[in-house]
Amino acid sequence: GQQVMQIPQYQHVQEGEDFTTYCNSSTTLSNIQWYKQRPGGHPVFLIQLVKSGEVKKQKRLTFQFGEAKKNSSLHITATQTTDVGTYFCAGPGGSSNTGKLIFGQGTTLQVKP
Amino acid sequence: EAGVTQFPSHSVIEKGQTVTLRCDPISGHDNLYWYRRVMGKEIKFLLHFVKESKQDESGMPNNRFLAERTGGTYSTLKVQPAELEDSGVYFCASSSRQGLRFQYFGPGTRLLVL
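Protein sequences appear in the order of chains A and B.
Using our numbering, read the first sequence as starting at 1 and increasing by one per residue.
Using our numbering, read the second sequence as starting at 1001 and increasing by one per residue.
Shown next, in the form of structure tokens:
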């Protein structure tokens, strides 16, 4: 079945270092979404990418959608302790876009002050 | 606007018991989803309601799980009888029909089956 793989599973960085998480889908996606879950919290929507090769920025966060619409990445520049959490990518599941999401395993980011 | 709410926030039960989780979506959101995250793994889809109808229940693990959304407002997810492997965090999410299909997640119910 459709799978979304995410690497790395964990990342420990020193505050100020950069961080990147990568997402790969077994199928072409119509769009990809990114969510952040703080420790003990719930997933919160960050962004949605729709176009092939799309790049979007939110302050220190840069999101990319691959040309083949099968992979995506999230890059954080100069991490801060507030960036701590688990970052999930998610793509629509199934042939009909009902809104069902298939999530990657998530990348848990730890930032040492 | 109030967010998605879930009740209870935590539940500890013994194997074989029954637990019912409740989700109140954002008012006016026709789409309601249930997901589960087990032991730090990926968030897995369970099922999707559009109003009171089950649109997709392909993720429901087995017939011990029963979801309802009578009246198209709040939803319940009952696990009966609970097994050890049912432990995890159950998230509910909702979205409106128009616009972006990103989802608003509730705080989750942390279920522990002993």
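For every residue, glycine included, the Cβ atom is placed at its ideal position computed from N, Cα and C.
Computed from a predicted model, the values in this text were never measured in an experiment.
| Query | Result |
| --- | --- |
| Cut-off 6 Å between Cβ atoms - residues of its own chain near V4 of chain A, not counting five sequence neighbours on either side | S25, G91, I102 and G104 |
| Proximal residues of chain A, C-beta to C-beta of R1101 of chain B below 9 Å | N31, Q33, Q48, P92, N97, T98, G99 and L101 |
| Rounded distance between the beta-carbons of T62 of chain A and H75 of chain A, thought under 8 Å | 5 Å |
| Neighbourhood of Q48 of chain A by C-beta, 6 Å cutoff - its chain only, sequence neighbours within 5 removed | N31 and Q33 |
| Contact belief for S1095 of chain B with F1102 of chain B at Cβ below 8 Å, rounded distance in angstroms | 7 Å |
| Local Cβ density within 10 Å of Q80 of chain A, reported as buried at 16 or more and exposed below that | exposed |
| Supposed contact pair V1079 of chain B and V1019 of chain B - C-beta distance, whole angstroms, cut 8 Å | 5 Å |
| Distance cut-off 7 Å: T79 of chain A Cβ against heavy atoms of the ligand HEM | The ligand HEM is absent from the structure shown, which contains no ligands of any kind. |
| Collapsed DSSP secondary structure at D83 of chain A in the structure displayed | helix |
| Where I7 of chain A falls, given that 16 or more other Cβ within 10 Å makes a residue buried | exposed |
| Three-state class that DSSP yields for Q1070 of chain B in the structure shown | Correcting the residue type first, residue 1070 of chain B is Thr in the shown sequence and not Gln. It is helical. |
| Below-8 Å beta-carbon distance, H42 of chain A vs any chain B residue | yes |
| According to DSSP, residues forming a beta bridge with L1047 of chain B | B:W1034 |
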